[in-house]
Amino acid sequence: MPAPVAVITDSTAYLPQEEVSRLGVVVVPLQVVVGGRSFDDVAWTDGAGREDVLRERGRVTTSRPAPRRFTDVYREAAARGASGIVSVHLSAELSGTVEAARAGAEDSPVPVDVVDSRSIAMGLGFPVLAAASAAAQGAPRTEVADVARRRAESVRSLFYVDTLEHLRRGGRIGAAETLLGSALMIKPILHISDGMIVPLEKVRTASRAISRLEDLAVEAAGTGPVEIAVQHLGARSRAEALAARLQGRISALTEVIVVEVGSVIGAHVGPGMLGITVSSPEPAVS
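In our numbering, the protein residues as written are 773 to 1058.
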């Protein structure tokens, strides 16, 4: 039987499929538009072809789901027996998805709590998984939503990109930073702060940037138990090597996963991106 509280998210969480299936999370896809054709984010899986397209500037855009799509998903969850819904999504500072979810919730037959994770990728994914675990244990809707919010507050997301150009074109970071980085051949390290992508440090080479990214993740992990996700776009070998090094350096690491992001995030960060999300586990629901 489905949990009394249904948990909904969007495709930019890039959750492992086995976790989506195990916990019954429903994923609403964003869209990526390539050469005038629209694709669901989760459906465009040709990695090599995707990377080629993303390197061709100006051809790729992204869009949020329509409110009606959320309404349909909420109605389907209610029809399966859900008495309430918690809908957790990427930062409202980066997308109109939260706004669309709230609009869709107005026509839901059951109450919906829409949670702005103030993050993206596994910075969104960890709160979703925590909420779904709480729902599976029978927690009420308001508590499931609170679990998602608390986990979102515990998350630290850091990432490296080969160039700021993709973020500049998508309006996710200021043009002045792009020009500075290009002129000085700087490899930027960025993070999510107040729901926005902002520069954290500038490093001269890719190897030094990745090394610094690793050090920052170790600092963020501290001494308590943490879960970590290493995310990448077209850089699996580097991501797996980074994950292995983190396992060796963080003694209280309870889980590390490697996840490739999809085309919606890819359109804004470009091939070669490496990201690390550090999250403190939520205590079990009593």
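Built from N, CA and C at the ideal position, the CB exists for glycine as well. Quick caveat: nothing in here was measured; it's all calculated off a predicted structure.
Selection from the options that minimises the alpha carbon distance to residue i
| i | options | result |
| --- | --- | --- |
| Leu795 | His861, Ile892, Gln909, Ser810 | Gln909 |
| Ala851 | Ser1035, Ala872, Val882 | Val882 |
| Ile1000 | Ala849, Pro912, Val1031, Asp879 | Val1031 |
| Leu1014 | Arg984, Val916, Thr995, Ala873 | Arg984 |
| Ile780 | Arg922, Val884, Val804 | Val884 |
| Ala854 | Glu991, Pro912, Ala992, Gln803 | Pro912 |
| Arg836 | Val799, Glu878, Glu973 | Val799 |
| Leu1018 | Ala1039, Val1041, Gly994 | Gly994 |
| Ala838 | Asp918, Lys959, Arg874 | Arg874 |
| Gly808 | Thr833, Gly967, Ser880 | Thr833 |
| Ser1009 | Gly1044, Ala906, Val1036 | Gly1044 |
| Ser793 | Ser905, Gly1006, Val1041 | Ser905 |
| Asp888 | Glu878, Gly868, Ser880 | Gly868 |
| Ala1039 | Leu1005, Ser1051, Ala1011, Ile1048 | Leu1005 |
| Ala785 | Thr914, Ile892, Ala902 | Ile892 |
| Gly996 | Val1050, Gly1042, Glu1012, Ala1011 | Val1050 |
| Ala778 | Ala903, Pro788, Leu787 | Ala903 |
| Leu862 | Arg921, Val998, Pro788 | Arg921 |
Identified DSSP bridge partners for residue i
| i | result |
| --- | --- |
| Ala963 | The sequence given here has His at residue 963, not Ala. According to DSSP, which records beta bridges pairwise, His963 is partnered with Leu930, Val970. |
| Gly856 | Val777 |
| Thr1049 | Ser929, Ala1001 |
| Ile1029 | Ala1001 |
| His861 | Asp888 |
| Ser810 | Val805 |
| Asp782 | Val800 |
| Val792 | Beta-bridge pairing links Val792 to no other residue. |
| Val990 | Partner(s): none; Val990 has no beta bridge. |
| Val975 | Lys959 |
Inter-residue spacing [alpha-carbon to alpha-carbon] between residue i and residue j
| i | j | result |
| --- | --- | --- |
| Trp816 | Val970 | At Trp816, the pLDDT of 48 sits below 50, so the modelled position is not reliable; the number obtained from the coordinates is stated separately. Between Trp816 and Val970, the C-alpha separation is close to 28 Å. |
| Ser1002 | Glu1027 | Per the sequence presented here, residue 1002 reads as Val, with Ser not at that position. Distance between the alpha carbons of Val1002 and Glu1027 is about 11 Å. |
| Pro1053 | Pro776 | 23 Å |
| Ala1056 | Val886 | Bear in mind that the predicted position of Ala1056 carries a pLDDT of just 49, short of 50, making it unreliable; the figure below should be weighed with that in mind. C-alpha separation (whole angstroms): 22 Å. |
| Ala955 | Arg976 | Bear in mind that a pLDDT of 49 at Ala955, under 50, signals an unreliable position, so the number given afterwards is only what the model happens to contain. So the two alpha carbons sit approximately 12 Å from each other. |
| Val900 | Val860 | 6 Å |
| Gly762 | Val916 | Because the chain in this structure spans residues 773 to 1058, residue 762 falls outside the shown range and cannot be described. |
| Asp918 | Gly895 | 16 Å |
| Val990 | Ala981 | 14 Å |
| Lys959 | Glu791 | 33 Å |
| Phe842 | Leu972 | 35 Å |
| Tyr846 | Asp782 | 13 Å |
| Ala907 | Val858 | 9 Å |
| Glu871 | Asp934 | 31 Å |
| Gly856 | Ala877 | 11 Å |
| Ile1037 | Glu848 | 27 Å |
| Ser810 | Pro801 | 12 Å |
| Asp987 | Ile1048 | 11 Å |
| Ala864 | Leu1046 | 22 Å |
| Ala992 | Glu925 | 13 Å |
| Glu1060 | Ser979 | There is no way to answer for residue 1060, as the model of the chain reaches only from 773 to 1058. |
| Gly967 | Arg890 | 4 Å |
| Val805 | Asp812 | 9 Å |
| Ser880 | Lys974 | 46 Å |
| Gln803 | Leu866 | 14 Å |
| Ala1007 | Ala1016 | 14 Å |
| Gly1042 | Leu787 | 20 Å |
| Arg840 | Val998 | 37 Å |
CB contact check: residue i to chain B, cutoff 7 Å
| i | result |
| --- | --- |
| His1040 | The structure shown contains no chain B; it holds only a single protein chain. |
Check your understanding: Which runs of the beta strand (DSSP E) spanning at least 3 residues fall entirely within the stretch 877 to 929, listed in chain order?
Key -> 884 to 888
Review point. If you scan the stretch 828 to 852 from start to end, which runs of the alpha helix (DSSP H) of 4 or more residues do you find wholly inside it?
Key: 839 to 851
Review point. Does the stretch 960 to 980 come close enough to the stretch 915 to 930 to have 3 or more Cβ pairs within less than 8 Å?
Key: yes
Review point. Does the stretch 1031 to 1041 come within contact of the stretch 1015 to 1022, defined as at least 3 CB pairs closer than 8 Å?
Key: no
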